[in-house]
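Student:
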Ligand SMILES: [Zn+2]
Ligand SMILES: [Zn+2]
Ligand SMILES: [Zn+2]
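Numbering (UniProt numbering), first residue to last: 1 to 114.
1) Report the residue from 77, 82 and 23 whose alpha carbon sits nearest the alpha carbon of residue 42.
2) Taking the alpha-carbon of residue 30 as reference, which of 45, 44 and 10 has the nearest alpha-carbon?
3) Check whether the Cβ atoms of residue 79 and residue 38 sit closer than 9 Å, and answer yes or no.
4) Identify every run of the alpha helix (DSSP H) within the stretch 42–93, keeping only runs that are complete inside it and at least 4 residues long; order them along the chain.
5) Over the uninterrupted beta strand (DSSP E) stretch that includes residue 98, give me the two end residues.
So this is what it looks like as structure tokens:
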């Protein structure tokens with residue numbers, strides 16, 4: 001089987017070429033794995049805590065799907081923890097309307113952090 005042609009790393013700003021199946025270079029692949037571990041831990045906490053109430057199962061699945069697809073913050077490239085609705089409409093759950101963001105960028109976007 002011929003090797004896959006290398007593609008640019010999916011991390012914003014990274015110009016390395018990679019043929020890893022996930023689309024990240026070796027350096028950022030580690031970052032993505034770390035993000036996944038963090039997320040799994042947060043998910044376990046949510047499952048046992050009251051924070052799981054208020055969001056439907058469908059949204060949680062969609063959110064996980066989006067974070068699997070885009071594990072890094074769309075703005076700064078750090079590990080993403082939040083999924084943001086670009087049009088600020090929480091009922092518009094089409095994938096094009098969602099953006100993976102880290103906590104800081106998300107808070108900043110909503111003007112809660114300055
Ligand atoms: Zn990279
Ligand atoms: Zn960010
Ligand atoms: Zn948001």
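Glycine residues also receive a C-beta, built at the ideal position from the N, C-alpha and C atoms.
Tutor: Taking the geometry as given:
1) Just measuring C-alpha positions, the residue of 77, 82 and 23 sitting nearest residue 42 is 82.
2) Of the residues 45, 44 and 10, the one whose Cα lies closest to the Cα of residue 30 is 10.
3) yes
4) Those alpha helix (DSSP H) runs which fall completely within the stretch 42–93 and span 4+ residues are 57–69.
5) Membership of residue 98 in the beta strand (DSSP E) is indicated by the continuous run 98–101.
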